[in-house]
Amino acid sequence: MTRMSNTAGPAAKRAWLVAAALACGCSTSALIRSDDAAYRRSIERLKRTRQLVAGSLAPEDDPAMFLQAEGLFRYRFAPPGRGFGSYLAQTAAAAIDLPVLDSLAGALDLYSLRLKTYDGAIQVWETLLVRNRSTPLRPLALYRLGWAYRNSLADGLPGGSEQAFDELRAGFAGSPLAPLALEARRAPWKSMGRATAFSLLPGLGQVYAGEVRNGLIRMAIAAVGGGMVIVPSVVAYERRGDLSWSRDWPLLVTAIAGAIIVTTDYSSSYQDALRAVLEYNERSEAEFEDRHPDAP
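Those letters in the sequence shown? Residues 1237 to 1532, by my numbering.
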């Protein structure tokens, strides 16, 4: 019996690896579609910003740094359907705790890159403002930072959304960006940090971001998975003096399956909550730009 169990472990891992690899081959294209309206809009906004930067008469390095950050800030495209391979690899990683599958699960979800580009943009803009405190691009950089900080995830960045908008209004009251900063500060937005905290309960982060149905479904999945762990555990405890593998193996299998469901639901719900917040904030920004066509 021991020999059979020792060989079953590696065999199960190989089976999961093969299944995840096959699913990877069935995933959707990573390229941006030609009819992607979100990407088209971002390109048009980037071209407008490039013209503003070119006319700023800023020192040579400043426009280059600003546009580098702007490219990260404008890295936007419509969310593709998450591939089955990503979910399979994530489930496999939860089941057998194999690091390569954790990596595969993240690699298959290209949209997660979108969550990181705002921090890169903030880093470059903040560096620009420190290196050249008198740059003519300072008002525009502060305006961008006010929006970008709303989607920030990284620790250690020196500012915040309200701080950037307030500094713009206080230091450049005569700039045409000052009244825009006041209105932008009041635009609705959601916090990545709060979504993360709410995601301790799978689905609550989605509810916070306005995706109530999505969140309730994830809560229900977590409840089912939790029940699959708790109920067999209680039954096993009550029978602790009379347990037998031949009769009670379904209790173990059900509990393991429930644990896998809960683990996968926790992980995917956290990532999806960040996605929901990102899209909420970008919709708010787009609506603001539509109301203010002269906004940069």
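Even glycine gets a Cβ: it sits at the ideal position worked out from N, Cα and C.
Since the structure is predicted, the reported quantities are computational estimates derived from the model, not experimental observations.
- Distance from the CA atom of I1358 to the CA atom of Q1304, rounded to whole angstroms, is 11 Å.
- The distance from the Cβ of G1382 to that of R1421 is about 7 Å, consistent with a contact at the 8 Å cut-off.
- A straight line joining the alpha-carbon of D1298 with that of S1388 spans about 23 Å.
- The shortest C-alpha to C-alpha distance from M1455 to any of P1438, P1424, M1464 is the one to P1438.
- Cβ-Cβ separation between D1484 and A1493: approximately 15 Å, too far for a contact (criterion under 8 Å).
- In the structure shown, the three-state DSSP call for R1281 is helix.
- Where G1407 is concerned, the enclosing alpha helix (DSSP H) starts and stops at 1397-1407.
- Between A1491 and P1468 a beta carbon distance of about 4 Å is seen, short of the 8 Å cut, so the two are scored as contacting.
- In the structure shown, T1371 adopts coil according to DSSP, grouped into three states.
- When the Cα atoms are used, A1400 and R1527 turn out to be separated by approximately 21 Å.
- The closest CA to that of W1425, considering only G1410, P1532, A1274, S1520, is found on S1520.
- Burial check for A1509: the Cβ neighbour count within 10 Å reaches 16 or more, so the residue is buried.
- Around the Cβ of V1289, a 10 Å sphere holds 16 or more other Cβ atoms; the residue is buried.
- Inclusion of G1461 and D1501 in the CB contact set at 8 Å is warranted, their separation being smaller than that value.
- Taking a cut-off of 8 Å on C-beta distances, the region 1366-1386 touches the region 1395-1412, as three or more cross pairs fall below it.
- Burial is judged here by how many other beta carbons sit within 10 angstroms of a residue's own beta carbon; I1497 has at least 16 and is buried.
- Apart from sequence neighbours up to five positions away, the residues of its chain that approach V1443 with a beta-carbon distance below 7 Å are G1451, ordered along the chain.
- Per DSSP, reduced to three states, the secondary structure at G1462 is helical.
- With distances taken between CA atoms, G1446 lies nearest to V1513 out of V1513, E1525, P1412.
- Taken atom to atom, the span from the alpha-carbon of L1282 to that of A1300 is near 13 Å.
- Taking C-beta atoms under 8 Å as the contact rule, Y1275 and P1315 fail to qualify, at a distance of about 12 Å.
- In the DSSP assignment, S1482 falls within the unbroken alpha helix (DSSP H) covering 1481-1527.
- Of the candidates L1436, E1306, E1474, G1441, L1436 places its Cα closest to the Cα of T1499.
- The C-beta distance from G1395 to E1362 rounds to 7 Å, short enough to meet the 8 Å contact threshold.
- In this structure, the beta-carbon distance from G1441 to S1370 does not fall below 8 Å.
- Its chain contains L1346 as the residues whose beta carbon lies nearer than 6 Å to that of A1266, once the 5 sequence neighbours on both sides are disregarded; these appear in chain order.
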